[in-house]
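Okay, so here's the structure we're looking at.
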Amino acid sequence: MARALITLPASAKRGEAIEIRTLIAHPMETGYRPGEDGRIVPRDLIRRLSCHYNDELVFSAEMFPATSANPFVSFYTLALASGTLRFTWEGDNGFLQTESRSISVT
Amino acid sequence: MNRTRRKIIHAGASLGVIGWARAVTAAEGGVEIALALAIKQYVGDAVVRAGKVKLDVAELVENGNTVPLSVAVDSPMTATDHVKSIAIFNERNPQRDVIRFALGPRSGRALVATRIRLATSQKLVAIAQLSDGSYWSHSADVIVTLAACVES
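First to last, the protein sequences are chains R and H. Heads up: the first sequence is residues 174 to 279, going by our numbering. Heads up: the second sequence is residues 7 to 158, going by our numbering.
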């Protein structure tokens with residue numbers, strides 16, 4: 174499991190746009206870079222980040238080699254109900270990681 | 007004999023310069039065409055207008071391996087008028103695509119941020135697709151002192 178950091182407020186007012194910041198430890202190997210032996214290091218990327226709010230898809234990002242290592246993405250979403258936000262990263266070589274955070278909406 | 011040789015060398019040299027200049031112009035054109043093609047793949051036949059989008063990135067970056075940037079779109083983000091997606095393109099990395107975001111009325115605010123790699127000094131373009139099908143863009147030029155991709 175890669176280390177993932179997710180920052181979001183623990184509670185919010187209904188209808189408020191909250192900022193969510195995500196970061197996951199991953200080399201994001203571009204497939205263009207020579208390694209120490211001079212050979213090109215094979216491509217190994219996270220391709221997609223998606224965020225489900227109470228099982229409804231509210232945001233996704235598609236990543237390419239130009240996205241930095243340990244990809245950081247921040248975005249906003251409307252706090253509409255208390256519940257769970259599920260974050261999923263999918264990538265090359267079967268990379269799949271899911272993290273959940275709960276939020277209470279008043 | 008000597009004079010002829012000089013003339014030949016001189017002629018060759020100027021031809022060389024012209025050839026090099028042509029190659030450079032062609033390469034510059036190629037860069038722009040590749041960027042335009044990548045954008046066309048994203049927007050299709052729609053017209054991309056300047057405005058509404060603000061691509062915020064430092065003009066001068068020291069480290070091309072991690073360049074922070076943010077894109078904000080002027081939109082009320084309602085069910086009838088919102089940003090559907092935002093894409094960022096570059097001019098001179100090995101690949102034109104940088105990252106794409108899918109948003110919707112549930113986003114509340116059209117503001118995204120990330121960190122990207124830049125292989126060299128170049129132009130970046132951010133394009134937003136609105137719910138009415140229109141496309142808006144903003145571009146920024148970035149000077150990079152330490153490039154990504156080449157260092158191991």
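Cβ coordinates follow ideal geometry from the N, Cα and C atoms, glycine included.
- Contact between H/Ser91 and H/Leu66 does not hold, since their C-beta atoms are separated by about 29 Å, which reaches or exceeds 8 Å.
- Think of a sphere of 9 Å around the beta carbon of R/Thr240: the chain H residues whose beta carbon falls inside it are Val104, Ile105, Thr120, Arg121, Ile122 and Arg123, in chain order.
- At least 9 Å separates the CB of H/Gly57 from every CB of chain R.
- Taking one beta carbon from each stretch, the region 225 to 240 of chain R and the region 94 to 107 of chain H have 3 or more pairs nearer than 8 Å; the two touch.
- Contact of H/Thr72 with chain R by beta-carbon distance below 9 Å involves Ser241, Ala242, Asn243 and Phe245.
- Within the DSSP bridge table, the entry for H/Val150 names H/Val67 as partners.
- In the three-state DSSP reduction, H/Gln101 falls in the coil class, being neither helix nor strand.
- Within chain H, the residues placing a beta-carbon under 7 Å from that of R/Ala190 are Gly114 and Arg115, ordered along the chain.
- Rounded to the nearest whole angstrom, the C-alpha separation of R/Pro215 and H/His88 is 39 Å.
- In this structure, H/Leu41 places its C-beta atom within 9 Å of the C-beta atom of H/Lys129.
- Taking a C-beta cut-off of 9 Å against chain H, the contacting residues of the region 225 to 236 of chain R are Tyr226, Glu229, Leu230, Val231, Phe232, Ser233, Ala234, Glu235 and Met236, listed in chain order.
- At least 9 Å separates the beta-carbon of R/Ala242 from that of R/Lys186.
- H/Asn96 has H/Leu130 as its beta-bridge partners, per DSSP.
- For H/Pro100, the nearest beta carbon of chain R is closer than 9 Å to its own beta carbon.
- The Cβ atoms of H/Ala119 and H/Val77 sit closer than 9 Å to each other.
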